[in-house]
Amino acid sequence: RRDTVVPSGSWAESLPRGGEVLIQNVTKSFGPLRVLDNVSLTLPSGSVTAILGQSGSGKSTLLRTVNHLERVDEGFIAIDGELVGYRQHGQTLYELKEADIRRRRTEVGMVFQNFNLFPHLTVLENLIEAPRAARGLNRAEAEELARGLLARVGLADKADAYPRQLSGGQQQRVAIARTLALKPKVLLFDEPTSALDPELVNEVLDVIKELARSGTTLIIVTHEIGFAREVADTIVFMEQGRILEVGTPEKVFNRPDHPRTAEFLAKVL
Ligand code: ADP
Ligand code: MG
Numbered sequence: 324r325r326d327t328v329v330p331s332g333s334w335a336e337s338l339p340r341g342g343e344v345l346i347q348n349v350t351k352s353f354g355p356l357r358v359l360d361n362v363s364l365t366l367p368s369g370s371v372t373a374i375l376g377q378s379g380s381g382k383s384t385l386l387r388t389v390n391h392l393e394r395v396d397e398g399f400i401a402i403d404g405e406l407v408g409y410r411q412h413g414q415t416l417y418e419l420k421e422a423d424i425r426r427r428r429t430e431v432g433m434v435f436q437n438f439n440l441f442p443h444l445t446v447l448e449n450l451i452e453a454p455r456a457a458r459g460l461n462r463a464e465a466e467e468l469a470r471g472l473l474a475r476v477g478l479a480d481k482a483d484a485y486p487r488q489l490s491g492g493q494q495q496r497v498a499i500a501r502t503l504a505l506k507p508k509v510l511l512f513d514e515p516t517s518a519l520d521p522e523l524v525n526e527v528l529d530v531i532k533e534l535a536r537s538g539t540t541l542i543i544v545t546h547e548i549g550f551a552r553e554v555a556d557t558i559v560f561m562e563q564g565r566i567l568e569v570g571t572p573e574k575v576f577n578r579p580d581h582p583r584t585a586e587f588l589a590k591v592l
């Protein structure tokens, strides 16, 4: 992949290099429902992966396992070679303590469909809270970082606004800036534009496009097929908890191996 060369002059230059994500034979059930079924994927450092698939196919659950929000039943997730747990044949072979898992979770940032900003805090306060708690920054350091990130997502003048005073697109850009404040090695986006009015989608996609050139490892669940084709190195198509197809955008969109992929694309394109 582009050898993760960051175009000079891009604000994304200051971000940390991405981590390698290894997803190995991951299975996850909720009661009798197998939501992830032996999923394996290797995402090199700095790669950009788009995950496509119908509602209910397990996309969000997969992101949640990468963020260690969801414990896997079988297999493991490793970030830069470090495991948080490993299960095989129903036996736990390795598991970190909850406090260590929480610390490791800050390496992986997640941006949600519904922004999840704190409504009672200003934009600036929303950005200051997490890095103070997670990275031990003092108030002045956290504020400097926050103002820099707000400028980068084009919202320097909104520092003192409350989330409800912003458009959905602006709120999502604040949410992205807040996640970046934790300096994650891996960034997960779960349908980041699905809750937005169509005219606000591009302002958010433009920020993600810039991040895609930064060398941070990105995993993006999206229904924006044109965006996925443009920005991703790898397209993953999921159905019923399984990965049906993995490949370059060129391959998956033009010559999918699986008829179900072609059917899905015909519906969304
Ligand atoms: P997607 O993001 O592709 O729409 P999800 O990963 O959210 O799919 O969900 C996959 C399946 O798992 C769905 O059938 C969903 O209802 C179910 N599911 C997700 N989370 C839970 C949960 N915490 N408890 C029970 N079922 C769940
Ligand atoms: Mg989902």
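Per full-length UniProt numbering, the sequence shown starts with residue 324, numbered consecutively. We treat Cβ as the ideally placed atom computed from N, Cα and C, and that holds for glycine.
Residues bridged to residue i [DSSP beta-bridge criterion]
i	result
serine 352	Arg357
residue 602	Absent from the model: residue 602. The displayed extent of the chain is 324 to 592, so no value can be given.
isoleucine 346	Leu364 and Ile400
Beta-carbon gap between residue i and residue j smaller than 9 Å
i	j	result
valine 349	valine 395	yes
phenylalanine 550	glycine 376	no
histidine 391	valine 431	yes
threonine 429	alanine 469	no
isoleucine 548	leucine 592	yes
proline 454	alanine 401	no
arginine 410	threonine 539	no
valine 497	leucine 510	no
alanine 484	valine 446	yes
glycine 413	isoleucine 346	no
residue 626	glutamine 495	Absent from the model: residue 626. The displayed extent of the chain is 324 to 592, so no value can be given.
valine 434	threonine 502	yes
lysine 508	aspartate 403	yes
proline 486	proline 442	yes
isoleucine 499	leucine 534	yes
aspartate 360	glutamine 493	no
arginine 427	glutamate 405	yes
phenylalanine 438	glycine 369	no
Whole-number beta carbon distance between residue j and residue i, since they are thought to touch under 8 Å
i	j	result
lysine 382	valine 544	5 Å
alanine 555	valine 371	5 Å
glutamate 568	threonine 584	5 Å
proline 579	leucine 588	7 Å
Nearest candidate by alpha-carbon position, reference residue i, set the options
i	options	result
glutamine 436	Glu553, Leu386 and Gly369	Leu386
leucine 356	Gly379, Gln347 and Arg578	Gly379
lysine 506	Thr388, Lys590, Ala479 and Gly459	Gly459
lysine 532	Arg552, Ser517, Pro521 and Glu522	Arg552
proline 367	His546, Leu588, Ile542 and Gly564	Ile542
leucine 444	Arg578, Arg462, Gly342 and Ala482	Ala482
alanine 373	Thr571, Lys590, Pro579 and Val389	Thr571
leucine 364	Val389, Asp513 and Glu448	Val389
arginine 475	Gly354, Asp529 and Arg578	Asp529
leucine 478	Pro579, Leu450 and Phe353	Leu450
glutamate 421	Leu440, Glu448 and Glu393	Glu393
proline 521	His546, Ser537, Arg425 and Arg536	His546
phenylalanine 512	Ser352, Phe353, Thr384 and Lys351	Thr384
glycine 342	Asn461, Asp480 and Ser537	Ser537
Any C-beta of chain B under 9 Å from that of residue i
i	result
valine 349	Note that chain B does not occur in the displayed structure, where there is just one protein chain.
In the stretch 490-575, which residue ranges form an unbroken beta strand (DSSP E) of at least 3 residues, counting only runs that do not cross its ends? 509-513, 540-544, 557-562 and 565-570
Ignoring anything shorter than 4 residues, give me the alpha helix (DSSP H) runs that lie fully in the stretch 378-450, in order along the chain. 382-389 and 421-428
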